[in-house]
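Numbering (the working numbering), first residue to last: 823 to 1017.
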């Protein structure tokens, strides 16, 4: 059992780094999340059916195989592997599941990989780091602890079309910051700081 868990963890990180995706993650993304961030948690979830993306995210964030939870993480990377038929709305719901359990100011990086061999399943890999001493991961799952659901704003400022509304909030923020960078003329400097 322990060997299989270790194999899955190594394979998950290897796949994140080596597989080309629709939204690609690479070694720099893994390094950004892992660098000088203290303890790291890696979780994997898989689901199929109607709510497959949300269920995969829920399994990854609350896996009974985890000795610790990702509550309070300030750096999160998640990768979604799907068959190519995953809707942006499903990805948004999965991102919200993850965003609800991590720190409200967390740096969230995500990617997607299309792999027809997974069929109807969605596989989610989550790497979480950056736990403060007061919010250090706790042993065991304690869903009734201090974690409280955050309200989701119904009004989404800065959204210009229905298509934009489909994007996860952290992705919209990144796009807005890219627009601000290009209007300030500091694009190269700011882009270098992000990596």
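Note that the Cβ used here is the ideal one computed from N, Cα and C, for glycine as well.
Quick caveat: nothing in here was measured; it's all calculated off a predicted structure.
Proximal residues to residue i (C-beta, below 6 Å), its chain only, five neighbours per side dropped
{"i": "residue 1004", "result": "Note that residue 1004 scores a pLDDT of 46, beneath 50, so its modelled location is shaky and nothing firm can be said."}
{"i": "residue 936", "result": "844 and 906"}
{"i": "residue 950", "result": "863, 892, 895 and 898"}
Backbone CA spacing between residue i and residue j [nearest angstrom]
{"i": "residue 944", "j": "residue 826", "result": "20 Å"}
{"i": "residue 913", "j": "residue 896", "result": "20 Å"}
{"i": "residue 890", "j": "residue 928", "result": "18 Å"}
{"i": "residue 865", "j": "residue 892", "result": "9 Å"}
{"i": "residue 837", "j": "residue 941", "result": "17 Å"}
{"i": "residue 970", "j": "residue 921", "result": "Residue confidence for residue 970 is low, a pLDDT of 45 falling below 50, so the modelled location carries little weight; the figure read from the coordinates is stated next. Approximately 12 Å between the Cα atoms of the pair."}
{"i": "residue 867", "j": "residue 947", "result": "7 Å"}
{"i": "residue 860", "j": "residue 854", "result": "12 Å"}
{"i": "residue 1015", "j": "residue 930", "result": "Unreliable positioning characterises residue 1015 in this predicted model, as indicated by a pLDDT of 42, which lies under 50. The coordinate reading is nonetheless provided below. Roughly 16 Å separates the two Cα atoms."}
{"i": "residue 869", "j": "residue 908", "result": "12 Å"}
{"i": "residue 858", "j": "residue 832", "result": "20 Å"}
{"i": "residue 871", "j": "residue 842", "result": "25 Å"}
Range of the contiguous beta strand (DSSP E) that encloses residue i
{"i": "residue 935", "result": "929-936"}
{"i": "residue 908", "result": "Element bounds for residue 908: n/a, residue is neither H nor E."}
{"i": "residue 948", "result": "944-951"}
{"i": "residue 867", "result": "863-869"}
CA nearest to the CA of residue i, picked from the options
{"i": "residue 900", "options": "859, 828 and 848", "result": "848"}
{"i": "residue 953", "options": "850, 828, 856 and 919", "result": "856"}
{"i": "residue 902", "options": "877, 933, 918 and 883", "result": "933"}
{"i": "residue 991", "options": "950, 911, 877 and 946", "result": "911"}
{"i": "residue 939", "options": "869, 916, 904 and 908", "result": "904"}
{"i": "residue 993", "options": "949, 924, 917 and 923", "result": "917"}
{"i": "residue 874", "options": "841, 842 and 915", "result": "915"}
Cut-off 8 Å between Cβ atoms - residues of its own chain near residue i, not counting five sequence neighbours on either side
{"i": "residue 839", "result": "847, 848, 849 and 852"}
{"i": "residue 924", "result": "892, 893, 894, 895, 896, 898, 930 and 950"}
Residue span of the alpha helix (DSSP H) that contains residue i, given as start and end
{"i": "residue 854", "result": "849-856"}
{"i": "residue 883", "result": "874-883"}
Sequence-distant residues of the same chain with beta carbon closer than 7 Å to residue i, five excluded per side
{"i": "residue 829", "result": "none"}
{"i": "residue 834", "result": "864, 866 and 947"}
{"i": "residue 919", "result": "876, 879, 880 and 883"}
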